[in-house]
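**Student:** Numbered per mature numbering (1 follows the signal peptide of the UniProt record, and there is no 0), the sequence shown spans residues -16 to -1, 1 to 236.
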Amino acid sequence: MRVPSYLLLSALGLLAACGDQNTKSPVTPPGAEKSAKTKILEVGADVLQGKEPLRQLDIYLDGFHFYNGDMSGQMEAHHFGAKLNEDVIQSVIYDGNSKDAKIMGIEYIISRRLFEKLPAEEKKLWHSHSYEVKSGELVAPGLPDVAEHELMEQLASTYGKTFHTWHTDRDKELPLGTPLLMAGFTADGQIDTAMVGQRDRRLHVSMAEKRRQRADIQVPPVLPGANAWEKGEVRQLQVVNSAEPAKLHHSH
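Rendered as structure tokens:
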């Protein structure tokens, strides 16, 4: 999963290259406009405070998720990620790529090798990326085709665990309810083609063309345990009222 230097350099210039490809957030939170004092404080903080973790977010991916157990709830997801090593990527997910974008979740991406070692119950929280890559659904906006192809080759055999904390497709003002586990598409006929078409026109990409470009990418079979929703094994978080403190469970 090594990302070559030219790929990272291309990614670093990505936001500047977006131009009219910017995706606006559909959410407007309630609240007063920023005051002059707030704006001055923000300028000072931007100059004086360190932001090293943010500077590591040098990979931008655009794809689609649906609520685990509810394929009718589909949405576009803008991932801004960083490689921690050759087997792990962490991403912050936004509902757009413009300055008004809202954070709506996180995704951790791991290699096939690491996924294979997970406990059986843990695997049910993860989804495969092979279809997302091969179908052309997942794109890296702004990257040259050759660089994007290499990145997709690396992502094709990986697995992701995604939680959305702000369901911006329905909660248009504030993040309500619990975080929800998301899933990825695994076959043709599942995704809302109109939603994809809108994305493609906005970002000047083509899912169909990306599919053709990636026909040569070899993908190993999806490992057992992933995409558990396909077998009716749906997992979601819920709030439980209890008089006793909750006991945390950690898989080993």
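Don't be surprised by glycine CBs; every beta carbon is placed ideally from N, CA and C. None of these values were measured; they are calculated from a predicted model.
Could you tell me the alpha carbon to alpha carbon distance between Leu45 and Ala227, rounded to whole angstroms?
**Tutor:** Answer to the nearest angstrom: the Cα atoms are 43 Å apart.
**Student:** Mind the definition here: the segment 99 to 109 touches the segment 60 to 75 only if three or more C-beta pairs lie below 8 Å; say whether that holds.
**Tutor:** No: the two stretches stay apart, fewer than three of their Cβ pairs being nearer than 8 Å.
**Student:** May I ask which residues mark the beginning and end of the beta strand (DSSP E) holding Leu45?
**Tutor:** Here the beta strand (DSSP E) through Leu45 covers 43 to 51.
**Student:** Considering only DSSP beta bridges, list what Ile87 is partnered with.
**Tutor:** Paired residue(s): Tyr78.
**Student:** Is there contact here, the segment 147 to 155 with the segment 196 to 210, by at least three beta-carbon pairs under 8 Å?
**Tutor:** No contact exists between the segment 147 to 155 and the segment 196 to 210.
**Student:** Determine the contact status of Ala85 and Ser9, defining contact as a CB-CB distance below 7 Å.
**Tutor:** Result yes, Cβ atoms of Ala85 and Ser9 sit closer than 7 Å.
**Student:** Taking Cβ to Cβ, would you say Gly120 is nearer than 7 Å to Met191?
**Tutor:** For Gly120 and Met191, yes; Cβs fall inside 7 Å.
**Student:** Could you pull out every residue in the same chain whose Cβ sits closer than 6 Å to the Cβ of Phe50, ignoring the five residues on either side in sequence?
**Tutor:** Excluding sequence neighbours, Phe50 sits near Gly57, Gln58, Ala167.
**Student:** Nearest by alpha-carbon distance to Gln222: which of Pro163, Thr177, Pro13, Gly47 is it?
**Tutor:** Answer by Cα proximity: Pro163.
**Student:** According to the neighbour-count rule (16 or more other Cβ atoms, all chains shown, within 10 Å of its Cβ), is Gln138 buried or exposed?
**Tutor:** Per the 10 Å Cβ criterion, buried.
**Student:** How is Glu214 classed by DSSP in three states: helix, strand or coil?
**Tutor:** In the structure shown, Glu214 sits in a helix (DSSP, three-state: H, G or I).
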